[in-house]
Amino acid sequence: MAQFNKEDFERYVVKPGDSEFTIAQQFHTSVGLLRKVNARLSGAYNVPGRKIYVPKQK
Numbered sequence: 256m257a258q259f260n261k262e263d264f265e266r267y268v269v270k271p272g273d274s275e276f277t278i279a280q281q282f283h284t285s286v287g288l289l290r291k292v293n294a295r296l297s298g299a300y301n302v303p304g305r306k307i308y309v310p311k312q313k
């Protein structure tokens, strides 16, 4: 996450049924941004309990 300012993001705990698309919708962002910010996860967003970075809500 070196190219992103961590102050602009917060941790989100993935819930059962979550997907890249539903998380992106919930946080008003794109799947592409989620993938860039969480590149180390290789797209494994559907694992309940996993912590990912999402944009902070304003």
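Position 27, counted from 1, in the sequence shown is what our numbering calls 282; the numbers after and before it change by one each time, with no gaps.
Cβ coordinates follow ideal geometry from the N, Cα and C atoms, glycine included.
Measure the beta-carbon distance from residue i to residue j and round it to whole angstroms, keeping in mind my assumption that it falls under 8 Å.
| i | j | result |
| --- | --- | --- |
| F264 | P310 | 6 Å |
Given this structure, state the Cα-to-Cα distance separating residue i from residue j, to the nearest angstrom.
| i | j | result |
| --- | --- | --- |
| K306 | R295 | 12 Å |
| G272 | N260 | 28 Å |
| E262 | Q312 | 12 Å |
According to DSSP, simplified to helix, strand and coil, what is residue i?
| i | result |
| --- | --- |
| F320 | No information on residue 320 is available, as it lies outside the stretch 256 to 313 that the chain covers here. |
| V302 | coil |
Only counting the same chain, and skipping five residues up and downstream in sequence, which positions put a Cβ closer than 7 Å to that of residue i?
| i | result |
| --- | --- |
| V292 | M256, F259, F264 and Y308 |
Please return the same chain residues whose Cβ sits closer than 8 Å to the Cβ of residue i, not counting the five positions on each side in sequence.
| i | result |
| --- | --- |
| Y300 | V269, D273, S274, E275, I278, L289, N293 and I307 |
For the ligand PLP, I want to know if residue i counts as a neighbour, meaning its beta carbon is within less than 6 Å of at least one of the ligand's heavy atoms.
| i | result |
| --- | --- |
| K311 | Annotation note on the ligand PLP: not contained in the displayed structure, which lists no ligands. |
Among residues of its own chain, excluding the 5 on either side of residue i, which ones have a beta-carbon nearer than 6 Å to its beta-carbon?
| i | result |
| --- | --- |
| R266 | K306 |
| T284 | P310 |
| F282 | V309 and P310 |
What residues are listed by DSSP as bridge partners for residue i?
| i | result |
| --- | --- |
| V309 | E265 |
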